[in-house]
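There are 2 protein chains.
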Amino acid sequence: MSAQPPTDATASTTIGFTELVALLQQVFVRHGTSPEVAAILAHNCASAERDGAHSHGVFRIPGYVSTLNSGWVNGSALPVVEDVASGFVRVDADNGFAQPALAAARPLLVAKARSAGIALLAIRNSHHFAALWPDVEPFAEEGLVALSVVNSMTCVVPHGADRPLFGTNPIAFAAPRADGSPIVFDLATSAIAHGDVQIAARKGERLPPGMGVDSLGQPTQDPKAILEGGALLPFGGHKGSALSMMVELLAAALTGGNFSFEFNWADHPGARTPWTGQLLILIDPSKTAGQNFAERSQELVRQMHAAGLRRLPGDRRHRTRAKSLETGVEVDAHALDQLREWAH
Amino acid sequence: MSAQPPTDATASTTIGFTELVALLQQVFVRHGTSPEVAAILAHNCASAERDGAHSHGVFRIPGYVSTLNSGWVNGSALPVVEDVASGFVRVDADNGFAQPALAAARPLLVAKARSAGIALLAIRNSHHFAALWPDVEPFAEEGLVALSVVNSMTCVVPHGADRPLFGTNPIAFAAPRADGSPIVFDLATSAIAHGDVQIAARKGERLPPGMGVDSLGQPTQDPKAILEGGALLPFGGHKGSALSMMVELLAAALTGGNFSFEFNWADHPGARTPWTGQLLILIDPSKTAGQNFAERSQELVRQMHAAGLRRLPGDRRHRTRAKSLETGVEVDAHALDQLREWAH
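Chains as they are written, first to last, in my numbering: chain H, 1494 to 1837; chain C, 1494 to 1837.
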């Protein structure tokens, strides 16, 4: 063991994707969610693990479990979908997770996008604790262009400010293309995702410069100093900060949800999920003039490769997915034991 | 003269905003635009100068003039507006400037946004040579949330690629707020705006690190090396690069316009305007659940100030505007002489 680098110190094993989904579903139900909510969250979490997006995979389960145990979130939420206008759908997530709210609104939202050419989904009173790309990628697989933003919890210092206010506030985008998987990206507007800081802290690794500050507001490369009273910085200086502000406006002000700084989980020890809102915009590119959209996006991909780009956003994830579906999803052996324990 | 720093080497004078608009309008008409197109471009350009956004103000006029002289753009374009769906408007800009195309579609677009809750404008076959914030800010002044993207011309190396492909591809956003001017930003997805590189080159100033590469692909802080065969970098590494890619997809693939790398002005010496497309999304926040949107955005502003942020995106511009409207727009004296010459 001592000859191995720290990142390989834990043994990994494999599990079939369907088996992982079923196991996670049991864990969720066992900790108080309805079977419907469990099915959606399990598929979401297993998909992240399958794609090698570890910071949003099985790694998140302890946070889900402690949050459900704390009573902070409604595991049996029944989202209420409102048909507001020909391009506008609202959902009250009933203090539950955002993914079941999206699932409940999905058929209406897709029908509106195909009819109106564009449609907006405003989810409020919701908790988002997952990666954002699983919310947009399936729409691109159906030929739609999707854009989503979600705000989280205060941990990012706006550019030019003294203390944290914004969440990590990711932006995710997906677009179909003719030959191959959709073009998909999911980027935190913070310099680094919060989950990656946690993983670095656990592994005892230092971060690159420019990611965060300590509790005194001083730049630090120590992930623990960021987690213990410190904060993250936005990516790309004032520009990333402006985009993070936009996410607060779209995901909270425009949905009726909380800003990242408006909820307080102090009375719910163990709570980890931000209680905010989420916005999703769907566009039907068949309304576009001229050539087929998917052919055009394929042409862009072709030119990006010709310019020397070896890997597109989403490429690594799609390759890991193919491997996982063939040989099983690679999971930390200790984490898998823990899941099996929690499932019973 | 020699005692003054280079940036003050040229004398400045003032001109009333209305007078500046009228003068610019004459310049445009004198160089072959219709009076309608001239009125729109003159107001746009004078507004940038009025707000202190110099790289998109009077500084742009030589580029407009040489482009019009080259026959590259149709100065008397008649945009064709198509009502495609309840939330989707298309405009063929008739190889003219994008701003008259937006103006032609505006009433239909606003009506759709107010009715459907969200509406999309896809402009193609258009030239955009101005700042992007003037396209979104007026909608926020009417209580709407607006987002726009426009692609430009190949000058940015995608993150991880060897040679330039994307344009500077800005993203502009505007949202109303209860007390004060709208919240507005307009950010190039390149590390620096192309106009600012030109201004630095003219002034003989060096750029901060990380803005661009020379003709051999090596990092440089010399603006001339960037302009002469070099290229810009995206802001914020792979994240800014992903956003720039999204702009190509939305502003070109989704409108039916050209990608930044698809047009060739080699046969039109003097041509400067990118012949691409533009996307604009309008959202009616009155469809939002709960509290008034403008009150909520005002609350975000309040909290940003409380976190130590002294200046919001757009604040400096709005302050310069107030001063310009009171004491006149400050313009370089030599540039003003040149305008008067071109107007006759």
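We put the beta carbon where it would ideally sit given N, CA and C, even for glycine. Quantities reported herein were computed from a predicted structural model and do not represent experimental measurements.
In this model, C:N1751 and C:W1768 are separated by some 7 Å (Cα to Cα). C:F1666: member of the beta strand (DSSP E) spanning I1664 to A1668, first to last residue. The count of Cβ pairs closer than 8 Å, one atom from the region 1803-1822 of chain C and one from the region 1600-1615 of chain H, stays below three, leaving the stretches out of contact. Look at the beta carbons and you see the region 1525-1537 of chain H touching the region 1504-1517 of chain H: at least three pairs across the two are nearer than 8 Å. Beta-bridge annotation (DSSP): C:R1583 is paired with C:E1575 and C:A1615. Comparing C-alpha distances from H:F1510 to each of H:S1817, H:P1631 and H:A1828 shows the shortest one belongs to H:S1817.
Taking C:H1620 as reference, the option from C:G1749, C:V1566 and C:V1522 with the minimal CA-CA separation is C:V1566. Membership of C:E1512 in the alpha helix (DSSP H) is indicated by the continuous run F1510 to R1523. Of the residues H:P1555, H:A1541, H:Q1519 and H:S1559, the one whose Cα lies closest to the Cα of H:P1762 is H:S1559. Here H:K1696 is exposed. Its C-beta has fewer than 16 other C-beta atoms within 10 Å. In this structure, the CA atom of C:R1810 is about 30 Å from the CA atom of H:S1645.
For H:M1738, a Cβ of chain C is located within less than 9 Å of the residue's own Cβ. For H:V1574, the CB contacts under 7 Å within the same chain, skipping 5 residues up- and downstream, are V1582, V1584, A1597, A1598 and L1601 in chain order. In this structure the region 1659-1678 of chain C touches the region 1621-1640 of chain C; the number of beta carbon pairs closer than 8 Å is three or more. With contacts defined as CB atoms closer than 9 Å, C:V1643 and C:V1577 fail to qualify as a contacting pair. For C:Q1771, the enclosing beta strand (DSSP E) has its first and last residue at W1768 to I1776. For H:D1655, the three-state secondary structure derived from DSSP is coil. Bounds of any beta strand (DSSP E) do not take in H:V1629; it lies within the alpha helix (DSSP H) bounded by W1626 to E1634. Of C:A1623, C:E1834, C:A1800 and C:R1833, the smallest CA-CA separation from C:H1687 is found for C:A1623. The beta carbon of H:A1671 lies closer than 7 Å to those of A1787, E1788 and Q1791 in the same chain, with the five residues before and after it left out. The three-state reading of DSSP puts C:N1562 in helix, counting H, G and I together. Look at the region 1556-1580 of chain H: the residues with a C-beta under 9 Å from a C-beta of chain C are E1575, V1577, A1578, S1579 and G1580.
H:G1723 carries a coil assignment under DSSP once its states are collapsed to helix, strand and coil. Straight-line measurement puts the Cα of H:G1749 at about 9 Å from the Cα of C:N1785. Straight through space, the alpha carbons of H:W1626 and H:G1550 are spaced by roughly 13 Å. Selection C:K1717, C:P1716 and C:G1723 evaluated against C:S1708 yields C:G1723 as nearest (Cα-Cα).
In chain order, T1647, C1648, V1649, V1650 and A1724 place their CB closer than 7 Å to the CB of H:P1657, counting only its own chain and leaving out the 5 sequence neighbours on each side. In the three-state scheme derived from DSSP, where H, G and I count as helix and E and B as strand, H:E1823 is classed as strand.
If you look at H:S1548, you'll find it isn't in any alpha helix (DSSP H); DSSP assigns it neither H nor E. Exposure of H:R1833 is indicated by the presence of fewer than 16 other C-beta atoms within 10 angstroms of its C-beta.
Between the alpha carbons of H:A1744 and C:T1526 lies a gap of roughly 42 Å. If you draw a straight line from the Cα of H:P1572 to the Cα of C:S1540, it is about 46 Å long. Residue state for C:V1740 is assigned as helix, using DSSP reduced to three classes. Selection C:F1659, C:I1776 and C:A1815 evaluated against C:L1736 yields C:F1659 as nearest (Cα-Cα).
Contacts with chain H (Cβ-Cβ distance below 7 Å) from the region 1636-1649 of chain C involve V1638, listed in chain order.
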